[in-house]
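Engineer: Going by my numbering, the sequence shown opens with residue 1, and the numbers climb by one from there.
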Amino acid sequence: MLIVSGGGSGYIGNSLLSNKAMYCYNCEESSEESTKTISTTCVEETPTVNCAKKGNGYARITYIGS
1 MLIVSGGGSG
11 YIGNSLLSNK
21 AMYCYNCEES
31 SEESTKTIST
41 TCVEETPTVN
51 CAKKGNGYAR
61 ITYIGS
């Protein structure tokens, strides 16, 4: 599964999801599986790959499997 987010999200601690991360603007990074957070200086109002999202939250969850 590929999980990418542009803001604070409750899904990040869900143990049923794998390969998940949260992007945030100029924040402290974490490499722990249950709190993986990636700091970025990219901020967009619309969901954009590898960028934090300005405004209301948005999560993209994609199932890759059979």
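No residue lacks a Cβ here, since even glycine has one placed at the ideal position from N, Cα and C.
With burial defined as no fewer than 16 other Cβ atoms inside 10 Å of the residue's Cβ, what is the status of residue 64: buried or exposed?
Structural biologist: Counting Cβ neighbours within 10 Å, residue 64 comes out exposed, since fewer than 16 surround it.
Engineer: Quick one: is residue 3 buried, meaning 16 or more other Cβ sit within 10 Å of its Cβ, or exposed?
Structural biologist: Confidence at residue 3 is low in this model, with a pLDDT of 48, below 50, so the placement of that residue should be treated as unreliable; the coordinate-derived value is given next. With 16 or more other Cβ atoms within 10 Å, it is buried.
Engineer: With a floor of 3 residues, list each beta strand (DSSP E) that falls wholly inside the segment 9-42, ordered by position along the chain.
Structural biologist: Listed in chain order, the complete beta strand (DSSP E) runs (minimum 3 residues) inside the segment 9-42 are 20-25 and 37-40.
Engineer: Should residue 44 and residue 37 be called a contact, given that it needs their Cβ atoms to be closer than 7 Å?
Structural biologist: Their beta carbons are not under 7 Å apart, which means residue 44 does not touch residue 37 by this criterion.
Engineer: Cutting at 8 Å between CB atoms, please list the residues of its own chain near residue 1, excluding the five before and the five after it.
Structural biologist: Confidence in residue 1 is poor, its pLDDT being 48 and thus under 50, which makes the residue's placement unreliable; the coordinate value appears in the next sentence. The residues are 17, 18, 19, 20, 61, 62, 63, 64 and 65.
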